[in-house]
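Just below is one structure, and these are the notes that go with it.
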Amino acid sequence: MDRREFLKRSLAAGVGGAALLVPGSVKRVFADSGKLPGLAAVRGGEPREMFDRGIAALGGMERFVKKGQTVAIKPNMSWDVAPELAANTNPELVERIVARCLEAGASKVYAFDHTCDLWRNCYANSGIEAAVKRAGGIVSPAESASSYTKVSIPGARVLKETSIHRLLLDCDVFINVPVLKHHGGAGITMGMKNLMGTVWNRGEFHSKGLHQCIADVSLLRRPDLTVIDAYRMLTRNGPRGTSASDVTVLKAQILSTDIVAGDCAGARIFGLDPKNVGHIRMGAELGAGTMDLDSLGVARIVL
Amino acid sequence: MDRKRAGAARKLRSLFALAVLLLMTLFFLFFAGVREGGLPWWQAVPSVLRLWTGALILAVSAALAGRVYCSVLCPLGTLQELIWRAGKRSASYRKPSQLRYWVLGGVVVAAAAGYMFPAAFLDPYAAFGRGVTHLLRPLAIGGNNMIATFLEERGVYGLLYRAGRSPLLPGVLWGTALFFALLGFWSFFRGRPFCDALCPVGTFLGLFSASPVLGVRFDGERCVACGRCESVCPEGCISVVNRRVETDRCILCLRCLDACPAGGLKLGRLAPREGLGRRGALRFGLGALAALGAALRARLPDRTVSASASSREERLPISPPGSGSHGNFTKKCVACTACVTACPAGIIRPSLSAWGMQGIFQPELDYSKGYCQFECEACSSACPTGAIAPLTLDEKKRTSIGRARFFRRNCIVRKYGQACGACSEHCPTQAVRMVPFRRNLTIPEVDPTLCLGCGACEYACPAEPKAITVSGVSVHGKIRDRKNEGAEAPVVAPLEEFPF
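From first to last, the protein sequence lines are chains A and B. Throughout the first sequence, residue numbering follows the working numbering, covering 10 to 312 in sequence. Throughout the second sequence, residue numbering follows the working numbering, covering 76 to 575 in sequence.
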């Protein structure tokens, strides 16, 4: 390599590096011109790097979290099951999201879930409690009715009123971080179904009609960002899974500003037509989001 | 014995006894079920039920040092002494009660016939455990939860967690409260009369300690008959008039040694002229017989007949994983409530009538407020009697303690044509799985060879009345091993990079 070549390469590397260091500032220019995609799908990497690439494509964390804001993160950690079995959201992904929120200037980042198994065991054995704490976030309990507030849901068809976790109502930014997996009752679970872990009376969903209630509750507090973890995916025996043979490693992640669109992309990855998933169709009908991915703008990233 | 040494011995004994009391209180409040916490297998009745040599060891200990168990190891005894000290009553000699032999005989005969209720009711270890679990623990949990909620409402997380509920049955609660009210009242005025007149453990040990190798005795020459020893004895077993300490009732609190101004009592070896006597020998023999009987009973193989509910209406009680069978459980459980404290889900609940007349107070699993957690074997690490044997987590995950039954006509899917699947969702083995029903719907189906009887499905079922319930099985089984069944490739395998 001669000197000229070397200089050229260094310059290119320098510019590229600088752009990587300040992705937010660069992307905000795009945001102003209205060109940012609303959905990013990433494949082929580890959870952390897929998130970084995906969020950069959406305009950086600064697009969603402003200085001094409080953030509530809702991972799926409903089951007392180890991370490898894919019943809960990948802890590495949650850790990275908390860290990026704090870097973007969030004052506080909370994570919680109204679990199915005993909450202490779920929080600990999902690995998410430790991950959130490592990144500097706060893990909040959600096992007591005292943490929930009764609200009405305008526009809902069946679930017109329910009790919802107070953090969800109080936070400035809400980030929904489900895991994509098979679900014996709902067929498939992702972003909208994950919101069931923000309400107190889970049983009510089942007795009033699962799909309609899921669609109804997604009207209440729309997530500013939904990050669907599909690094590992339960292909059967969900939502809890029985063994490692139920799990396939997909190395995928979907980041979406629209919860319904995110679920549509997830359903496609799972191998389902979103039209055949009751709560997705009903959610779109109620106006919780759109099933038309192209109208949002999709960034496809392969690592 | 000089007073300095007597005082030091009494204090040492008090410290040891108080330490054990504290340890046992903490065990029943918090540590039961914590593997590293250790088990109180050294308590008298648990050792008899757990080891076939337990009763023999107790007998030998009594022949050597009298009721040393009552002195330092029994939490209920120390508790009574504390209550008595609060009253500061002066005591005097009481004649030995003959009732105690009848009580012991009754307890032994009942236990031999399979009725554990008298033993459970009178075992001082178990009674103490019930007191802590039912009376003290709810207060501790309530206080803890109030502080935790207070902190949480002010944005302080992770410092203190709300603890789960403490399962209560009104009948058991009031029974325990009444027992302790009577016991407290009695000991406030009279010291340790329970230990003297009712306690089967004390009476059993007394059979062997009519003249123990080491015991408290009068040193005739020095006694001035001032009567101070008699006035401090919580058992009322010292008679100054006769210059006699009834060592089969003496619980070795050593107060008399400390109180005597003349050094007229000593803690010492058997003098050559003191012998067992005819009555002593008879009691010794009876005691040995009882110990032998206990040893035989502990070695008896479990002969529980395998049974499950005979009709869909019938529901058998469910015993904790590790108990092996209903027979083993009801034969060895003294209802000490260690497993009740241990269970993080709060589903092990004391019962009154679940096990029939044999097992009043013995706990059963109750799925109305929770279910047996798949990744947990706490109860099997909490039981000191062997009613629940220790299981590894892997063993526990394959142990079937009951069977789920599906009542299709109650199911939401059939009744309202709505998707549900809450039962299958919670099932850790997919013994309850969703199979195609009308249109797009799926409905549960139970595979009994995979069912653990953990109750997750029953708890999760939103139908009213429940569409899926669990009934116990009298002999626990193993679920089918699915290690070789999961090898085929996952059902869904997306091929495209981005199928949208």
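Where is the CB? At the ideal position from N, CA and C, for every residue including glycine. Note that the structure is predicted; figures quoted are calculated from it, not measured.
Close-in-space but distant-in-sequence residues of the same chain around residue 94 of chain A (CB under 7 Å, 5 per side omitted): 250, 253 and 256
Interface flag, residue 174 of chain A vs chain B, CB-CB below 7 Å: no
For residue 172 of chain A, the three-state DSSP class (helix, strand or coil): strand
Check whether residue 484 of chain B and residue 544 of chain B have beta carbons under 7 Å apart: no
Buried or exposed by the 16-neighbour rule on C-beta atoms within 10 Å, applied to residue 301 of chain A: exposed
Where residue 185 of chain A sits in the DSSP three-state scheme: strand
Nonlocal neighbours in the same chain, by C-beta distance under 6 Å from residue 474 of chain B, ignoring five residues either side: 396 and 551
Listed by chain order, chain A residues near residue 495 of chain B by CB distance under 7 Å: 194, 215 and 219
Residues in the stretch 213 to 230 of chain B having any Cβ partner in chain A nearer than 9 Å: 220, 223, 224, 227, 228 and 230
Residue 301 of chain B versus residue 334 of chain B - alpha carbon distance: 10 Å
Inter-residue spacing [alpha-carbon to alpha-carbon] between residue 122 of chain B and residue 298 of chain B: 40 Å
Boundaries (first-last residue) of the beta strand (DSSP E) holding residue 238 of chain A: 234 to 243
Anticipated Cβ contact below 8 Å, residue 509 of chain B with residue 287 of chain A, distance rounded: About 14 Å separates the two Cβ atoms, so there is no contact after all.
Cα-Cα separation, residue 251 of chain B to residue 104 of chain B: 16 Å
Residue 54 of chain A vs residue 312 of chain A beta-carbon contact at 7 Å: yes
As assigned by DSSP and simplified to three states, the class of residue 212 of chain B: helix
Nearest-angstrom Cα separation, counted from residue 116 of chain B out to residue 369 of chain B: 16 Å
Completely contained alpha helix (DSSP H) runs for the stretch 76 to 130 of chain B, where each covers 4 or more residues: 78 to 101 and 119 to 125
Rounded C-alpha distance that separates residue 277 of chain A from residue 51 of chain A: 14 Å
Closer than 7 Å to chain A by CB, residue 232 of chain B: yes
Residue-level contact to chain B via CB, residue 89 of chain A, 7 Å cutoff: yes
Top-ranked residue by Cα proximity to residue 99 of chain B, from B:205, B:356, B:269 and B:324: B:205
Uninterrupted alpha helix (DSSP H) stretches inside the stretch 85 to 171 of chain A (no shorter than 4 residues): 100 to 112, 128 to 134 and 137 to 144
Terminal residues of the beta strand (DSSP E) in which residue 550 of chain B lies: 543 to 553
Identity of the residue in A:198, A:116 and A:272 nearest residue 246 of chain A by Cα: A:198
Residues that DSSP places opposite residue 262 of chain A in a beta bridge: A:51 and A:238
Min CB distance residue 523 of chain B to chain A below 7 Å: no
Per DSSP, the bridge partner or partners of residue 79 of chain A: A:117
Residue 59 of chain A: CB within 6 Å of a non-hydrogen atom of the ligand ATP: The ligand ATP is not among the ligands present in this structure, which contains no ligands whatsoever.
For residue 196 of chain B, the nearest candidate out of B:437, B:303 and B:530 (CA to CA): B:437
Residue 204 of chain A vs residue 236 of chain A beta-carbon contact at 7 Å: no
Segment limits, beta strand (DSSP E) that includes residue 293 of chain B: 289 to 293
Contact belief for residue 280 of chain B with residue 342 of chain B at Cβ below 8 Å, rounded distance in angstroms: Contact flag wrong, Cβ pair sits at about 17 Å.
Best match in B:364, B:488 and B:420 for proximity to residue 187 of chain B [C-alpha to C-alpha]: B:364
Proximal residues, the stretch 481 to 514 of chain B versus chain A, C-beta separation under 8 Å: 487, 491, 493, 494, 495, 496, 497, 499, 500, 501, 502, 503, 504, 505, 508 and 509
CA-to-CA distance, residue 118 of chain B to residue 118 of chain A, given in whole angstroms: 50 Å
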